[in-house]
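A.B. asks:
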Amino acid sequence: MKSIFESLRKTRNSVFGQIVNLFGAGEIDDSTWEDIESLLIQGDVGVETTLALVERLRHRVEAEGIYRTQNLHRVLREEIRSLMPDPGPLNLDWPLAVVLIVGVNGSGKTTSIGKLAAHYKAQGKKVVLAAADTFRAAAMDQLEVWGTRVGVPVIKGPEGGDPSAVAFDAMKHAQAHSADVLIVDTAGRLHTQHNLMSELEKVQRVISRRVAWAPHETFLVLDAATGQNGLIQAQQFFAAVKVTGIILAKLDGSSRGGMVLSIGHQLHLPVRFVGTGEHIEDLAPFDPEAFCDGLLGDRSDT
Ligand SMILES: Nc1nc2c(ncn2[C@@H]2O[C@H](COP(=O)(O)OP(=O)(O)OP(=O)(O)O)[C@@H](O)[C@H]2O)c(=O)[nH]1
Ligand SMILES: [Mg+2]
């Protein structure tokens with residue numbers, strides 16, 4: 001499995017490494033702040049989060065009487081770390097935990113579900129998958145391939161059928177077979193955006209009627225290649241479903257890992273998993289410390 005550190009190689013080499021390079025032997029002046037600010041914005045940290053971060057850095061430097069750039073490395077790491085608070089345990093401690101997965105088409109939903117299924121199965125949990133992306137037959141087949149690979153059942157419906165009905169059948173199946181976790185795949189695209197959102201809303205409603213307090217987690221899958229655009233996309237989903245966490249897929253191919261800082265700061269959502277490759281084991285539970293190391297290169301094995 002590729003680590004978070006390895007997956008951040010592009011992000012580190014493109015922008016964050018340059019920030020670290022600013023921390024040489026000189027003294028802090030206005031140009032230091034301008035350089036940090038423009039690099040953070042280039043690094044997909046987002047304007048709002050960048051300004052807040054630089055403000056905090058300046059405040060600390062003043063309060064602690066820091067004047068050498070070489071001392072900024074530690075302060076930057078601490079402030080980046082504090083933008084990613086520990087999210088606490090997942091809300092999966094239920095007789096049947098239902099996890100709803102949403103996101104735009106191609107973001108990495110189905111692949112992430114396959115990896116998640118393997119992750120929970122390895123923990124000894126009994127997993128069921130629901131192919132509620134009935135928009136395309138190929139989407140259901142793709143989930144079925146993952147189900148076979150992992151060795152977990154996949155509940156499907158007819159192509160073009162009602163996704164809520166698939167979710168309903170899957171809950172019935174999961175309860176009848178005493179499953180521990182049900183993961184529900186959804187479409188990323190319908191004829192219109194409005195149709196998609198009202199469909200997701202309905203899936204969520206049907207789930208909540210059949211299983212108490214469900215869906216217990218709703219993960220929005222973002223493609224790490226989309227950077228700040230991914231955050232704008234995210235807003236559209238918030239109107240339809242109650243998102244509880246982010247899966248950041250395809251971090252391995254992206255130089256835009258800085259978006260994680262604004263996911264915490266602007267969306268107020270924890271990143272729960274990151275996709276580190278295309279293989280079944282390429283899903284890493286999010287670890288803020290490893291993420292800071294990966295951004296700023298705090299290890300010798302670069
Ligand atoms: N390198 C890499 N590729 C990934 C990762 N996650 C997904 N992919 C690839 O991204 C592509 C799209 O993934 P899917 O899982 O089909 O995305 P989706 O959101 O289900 O797409 P739709 O069903 O069309 O909405 C596939 O080629 C995956 O192999 C990842 O973490 N790393
Ligand atoms: Mg899919």
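Numbering (my numbering), first residue to last: 1 to 302.
The beta-carbon is built from N, C-alpha and C at its ideal position, and this holds for glycine as well.
Here the structure is a predicted model, which means the values were calculated and not measured.
Quick one, which of D287, Q70, I4 and M171 has its alpha-carbon nearest P87's?
C.D. replies: Position 87 of the sequence shown, counted from the first residue, corresponds to residue 87. The option with the nearest alpha carbon to P87 is D287.
A.B. asks: Please report the Cβ distance between S208 and K126, rounded to the nearest whole angstrom; I am assuming they are in contact, meaning their Cβ atoms lie under 8 angstroms.
C.D. replies: The residue labelled residue 208 in the question sits at position 208 within the sequence shown. The residue labelled residue 126 in the question sits at position 126 within the sequence shown. Wrong, their Cβ atoms sit about 22 angstroms apart, outside the cutoff.
A.B. asks: Under DSSP, the beta strand (DSSP E) around P285 begins and ends at which residues?
C.D. replies: Here the question's residue 285 lines up with position 285 in the sequence shown. Looking at the DSSP string, the run of the beta strand (DSSP E) that includes P285 is L283 to P285.
A.B. asks: What do you reckon, is the C-beta of S107 under 7 angstroms from a heavy atom of ligand 1?
C.D. replies: In the sequence shown, counting from the first residue as 1, residue 107 sits at position 107. Yes, Cβ of S107 sits closer than 7 angstroms to a heavy atom of ligand 1.
A.B. asks: Run through DSSP, which three-state label would V61 get?
C.D. replies: Counted from its first residue, the sequence shown places residue 61 at position 61. If DSSP states are grouped into helix, strand and coil, V61 belongs with the helices.
A.B. asks: Between the alpha carbons of Q142 and G106, how many angstroms are there, rounded?
C.D. replies: What you label residue 142 is simply residue 142 of the sequence shown in a count that begins at 1. What you label residue 106 is simply residue 106 of the sequence shown in a count that begins at 1. Roughly 12 angstroms separates the two Cα atoms.
A.B. asks: Within 8 angstroms, do at least three Cβ pairs link the region 230-245 to the region 186-205?
C.D. replies: In short, these stretches touch, since the Cβ pair count reaches three.
A.B. asks: Looking at the structure shown, is D162 part of a helix, part of a strand, or coil, going by DSSP?
C.D. replies: As a working mapping, residue 162 is identified with position 162 in the sequence shown. Three-state DSSP puts D162 in coil, outside helix and strand.
A.B. asks: Just to confirm, are A97 and H216 a CB contact at a threshold of 8 angstroms?
C.D. replies: By 1-based counting over the sequence shown, the position of residue 97 is 97. By 1-based counting over the sequence shown, the position of residue 216 is 216. Yes, they are a contact pair.
A.B. asks: State the CB to CB distance for the pair R60 and V75, rounded to an integer number of angstroms; the pair is presumed to be in contact (CB under 8 angstroms).
C.D. replies: Translated into positions along the sequence shown, residue 60 becomes position 60. Translated into positions along the sequence shown, residue 75 becomes position 75. That pair is a contact at about 5 angstroms.
A.B. asks: Any heavy atom of ligand 2 within a distance shorter than 7 angstroms of the CB on A117?
C.D. replies: If you number the sequence shown from 1, residue 117 lands on position 117. Every heavy atom of ligand 2 is 7 angstroms or more from the Cβ of A117, so no.
A.B. asks: Where L251 and V15 are concerned, what is the direct C-alpha to C-alpha distance, given to the nearest angstrom?
C.D. replies: Here residue 251 refers to the residue found at position 251 when the sequence shown is read from its first residue. Here residue 15 refers to the residue found at position 15 when the sequence shown is read from its first residue. Whole-angstrom Cα-Cα distance: 15 angstroms.
A.B. asks: Count the other CB atoms, across all protein chains shown, that sit within 10 Å of the CB of K115; report buried if there are 16 or more and exposed otherwise.
C.D. replies: Start at 1 with the first residue of the sequence shown, and residue 115 comes out as number 115. Counting Cβ neighbours within 10 Å, K115 comes out buried, since at least 16 surround it.
A.B. asks: Using the C-alpha atoms, what's the distance from L220 back to D29?
C.D. replies: For the purposes of this step, residue 29 is identified with residue 29 of the sequence shown, where counting begins at 1. For the purposes of this step, residue 220 is identified with residue 220 of the sequence shown, where counting begins at 1. One C-alpha to the other measures close to 40 angstroms.
A.B. asks: In terms of alpha-carbon separation, which member of K172, L182, A132 and V152 lies closest to P158?
C.D. replies: Here residue 158 corresponds to residue number 158 of the sequence shown, with the count starting at 1. Comparing Cα-Cα distances from P158 to each of K172, L182, A132 and V152, the minimum goes to A132.
A.B. asks: When the Cβ atoms of the region 221-229 are set against those of the region 257-274, are three or more pairs found closer than 8 angstroms?
C.D. replies: These segments touch.
A.B. asks: For L234, collect the residues of the same chain with a Cβ closer than 7 angstroms to its Cβ; drop the 5 residues on either side in sequence, then sort them by chain order.
C.D. replies: Position 234 of the sequence shown, counted from the start, is the residue given in the question as residue 234. Looking at the sequence shown, residue 234 is not Leu but Ala. So the list reads L220, L222 and L267, once near-sequence residues are dropped.
A.B. asks: Using the beta-carbon count (16 or more within 10 Å), is H119 buried or exposed?
C.D. replies: For the purposes of this step, residue 119 is identified with residue 119 of the sequence shown, where counting begins at 1. Flag for H119 reads buried.
A.B. asks: Looking at the structure shown, is A240 part of a helix, part of a strand, or coil, going by DSSP?
C.D. replies: By 1-based counting over the sequence shown, the position of residue 240 is 240. Coil at A240, not helix or strand.
A.B. asks: Return the chain-ordered list of same chain residues with a C-beta closer than 8 angstroms to the C-beta of T69, the five sequence neighbours on each side being excluded.
C.D. replies: Mapped onto the sequence shown, residue 69 falls at position 69. So the qualifying residues of the chain are L22, F23, G24, A25, G26, E27, I28 and T32.
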